[in-house]
Amino acid sequence: GQQVQQSPSSLVLQEGENAELQCNFSSTATQLQWFYQSPGGSLVSLLSNPSGTKHTGRLTSTTVTKERRSSLHISSSQTTDSGTYLCAIVSGGSNYKLTFGKGTLLTVTP
Amino acid sequence: DTTVKQNPRYKLARVGKPVNLICSQTMNHDTMYWYQKKPNQAPKLLLFYYDKILNREADTFEKFQSSRPNNSFCSLYIGSAGLEYSAMYLCASSPYWGGYYAEQFFGPGTRLTVL
Chain Y
175 GQQVQQSPSS
185 LVLQEGENAE
195 LQCNFSSTAT
205 QLQWFYQSPG
215 GSLVSLLSNP
225 SGTKHTGRLT
235 STTVTKERRS
245 SLHISSSQTT
255 DSGTYLCAIV
265 SGGSNYKLTF
275 GKGTLLTVTP
Chain U
55 DTTVKQNPRY
65 KLARVGKPVN
75 LICSQTMNHD
85 TMYWYQKKPN
95 QAPKLLLFYY
105 DKILNREADT
115 FEKFQSSRPN
125 NSFCSLYIGS
135 AGLEYSAMYL
145 CASSPYWGGY
155 YAEQFFGPGT
165 RLTVL
């Protein structure tokens, strides 16, 4: 079946350091989204990036479709970046079903 | 306003009792979804409504029911809660983009604990 694997499962950084989150998936993805969930908050879409490189603010996502992998780079991390980052894909002929990874729990300390 | 609301935020239920969770959105989205998330697991799609048509995932078909009385509201119903239903339930909605994937907007979730 479709699988999305994220690494690392958790990451602790000091404020100002950069974070690199990985997402690997076993099926060809027609769509890939990175989500962020703050503690107690909603899932919020950060980036939609099925291929190539996209930037928004301090976030950069690079997806290599042929290699079925995507990364999310967070530069100059801040304590407010702490939370769970989830990767999700749409694949297999579906245009609605998101298949999620388990997420990366990021903790940024002062 | 891209808000999806869920009520209640926390729900305590007894084994064998029914549970009804509510979701609402004011974006006039055609599609509404329910996901289940358990600790250390990925969110998993349970079912979705496109307009008035309910689609349930095969592996959870008999465990969950849903209704959508109007475009804005969607409920998730568990007829007889078991311990395995304890989880976070996430509601999402999206517009219809003519067969192409459309961004899903998520609510804050309802944490269900079954005792």
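Sequence lines, in order, name chains Y and U. Sequential numbering from 175 applies to the first sequence in my numbering. Sequential numbering from 55 applies to the second sequence in my numbering. Positions of the beta carbon are idealized from the N, C-alpha and C atoms, including for glycine.
- Within chain U, the residues Tyr155 have their CB atoms less than 8 Å from the CB of threonine 204 of chain Y, given in chain order.
- Under the 8 Å Cβ criterion, the segment 108-126 of chain U does not count as touching the segment 158-168 of chain U, having fewer than three qualifying pairs.
- Contact note: leucine 217 of chain Y reaches chain U through Leu144 and Phe160, using a C-beta cutoff of 7 Å and chain order.
- Across the structure, lysine 91 of chain U and cysteine 77 of chain U are spaced so that their CA atoms are roughly 16 Å apart.
- Contact between glycine 266 of chain Y and proline 213 of chain Y fails: their C-beta atoms lie close to 32 Å from each other, not under 8 Å.
- Taking C-alpha positions only, asparagine 269 of chain Y is separated from serine 121 of chain U by approximately 22 Å.
- The distance from the Cβ of threonine 227 of chain Y to that of threonine 236 of chain Y is about 5 Å, consistent with a contact at the 8 Å cut-off.
- At a cut-off of 8 Å between C-beta atoms, threonine 80 of chain U does not count as an interface residue with respect to chain Y.
- In chain order, Ala193, Leu195, Thr278, Leu279, Leu280 and Thr281 place their CB closer than 8 Å to the CB of leucine 185 of chain Y, counting only its own chain and leaving out the 5 sequence neighbours on each side.
- Within chain Y, the C-beta atoms nearer than 7 Å to that of glutamine 95 of chain U come from Lys276, in chain order.
- If you keep only unbroken beta strand (DSSP E) runs of at least 3 residues inside the segment 196-247 of chain Y, you get 203-211, 217-222, 226-230 and 233-238.
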